[in-house]
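Structure first, then comments.
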């Protein structure tokens, strides 16, 4: 007797079972894939920070060891020290000048704007938001990495303690903290290291919004923590040490052992 050669068609029950199995496998694999993706992003971010550090060193070499300045550290010009704003790469409006790490792009040490953006960033300042603004004069541009400028008129790379933290993932607000569980940090010796934040101490310091009460002091406390591993003896915001009675001293904020 010959077989008809027909195959049994999938029933609705078979289809539902298959869908359920696939959904279960996806649920099991999703956390693993998410961790793999974040690990990849963290490595890419570290590469960005390392490139910025190399360009920072080249800039200093070409400028008598001087690091790029920031209008937000100029207390004479701004009237106050504003470390929260040092993710700004170019100041908007009529002034329209590059600022902080933005000088590395202006002087062509960094050739591509994407280097200033972390692939893990989920806040409001991704590259897509500023893609057109990079080449339009007068447009404000922010990146995802935080620069640490000091209140002195000039900061020289070779005078800094090797462990001074100079660049970090964004510290401006909670949304700017790119990796949630830690941050990549560039130090003055040009080393880049991952600093974990397992207990949320660092992220807990960050302001909820720009201009929040004591936001600048909170951001500077975050720098202190990244540099020293503790908030012990944090003296508060620095002031222009050229001002008589200015306190605390500049040495307290450039990584010199206290």
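Residue numbers (our numbering): 6 to 263. Backbone N, C-alpha and C fix where the C-beta goes; we use that ideal spot for every residue, glycine too. These numbers were taken from a predicted model, which means no experiment stands behind them.
Asked: Taking residue 143 as the reference, give the member of 80, 103, 152 and 170 with the closest Cα.; Found: 103
Asked: Which of helix, strand or coil does DSSP assign to residue 227?; Found: helix
Asked: On the criterion of 16 or more Cβ atoms from any shown chain inside 10 Å, does residue 24 qualify as buried, or is it exposed?; Found: exposed
Asked: Just to check my reading of the structure: residue 182 and residue 176 have Cβ atoms closer than 8 Å, yes? What is that Cβ distance to the nearest angstrom?; Found: 7 Å
Asked: Give the single residue among 91, 118 and 74 whose Cα lies nearest to the Cα of residue 157.; Found: 74
Asked: Cβ of residue 187 within 7 Å of any heavy atom in the ligand COA?; Found: This structure lacks the ligand COA, and indeed carries no ligand of any kind.
Asked: Taking the alpha carbon of residue 204 as the reference point, which residue from 187, 64 and 196 has its own alpha carbon closest?; Found: 187
Asked: Could you tell me which of 228, 137, 166 and 109 sits nearest to residue 209, measuring between CA atoms?; Found: 228
Asked: Do the segment 225-242 and the segment 152-172 touch if we need at least three Cβ pairs shorter than 8 Å?; Found: yes
Asked: Between residue 95 and residue 146, how many whole angstroms is the CB-CB distance? I'm expecting something under 8 Å.; Found: 4 Å
Asked: How would you label residue 189, buried or exposed, when you count the other beta carbons within 10 angstroms and need 16 or more for buried?; Found: buried
Asked: With a threshold of 6 Å on Cβ separation, who are the neighbours of residue 89 within its own chain once the five nearest residues in sequence on each side are excluded?; Found: 177, 220, 221 and 224
Asked: In chain order, what residues of the same chain lie with their CB nearer than 7 Å to the CB of residue 200, ignoring the 5 residues before and after it?; Found: 187, 188, 190 and 231
Asked: For residue 149, is the classification buried or exposed, using 16 other Cβ atoms within 10 angstroms of its Cβ as the cut-off for buried?; Found: buried
Asked: I'd like to know if the segment 115-135 and the segment 78-87 are in contact, where contact means that at least 3 CB-CB pairs between them fall below 8 Å.; Found: no
Asked: Output yes or no for whether 8 Å exceeds the beta carbon distance between residue 152 and residue 97.; Found: no
Asked: Please report the Cβ distance between residue 125 and residue 179, rounded to the nearest whole angstrom; I am assuming they are in contact, meaning their Cβ atoms lie under 8 Å.; Found: Contact doesn't hold; Cβ gap of about 14 Å is too wide.
Asked: Please state whether DSSP places residue 170 in a helix, a strand or coil.; Found: strand
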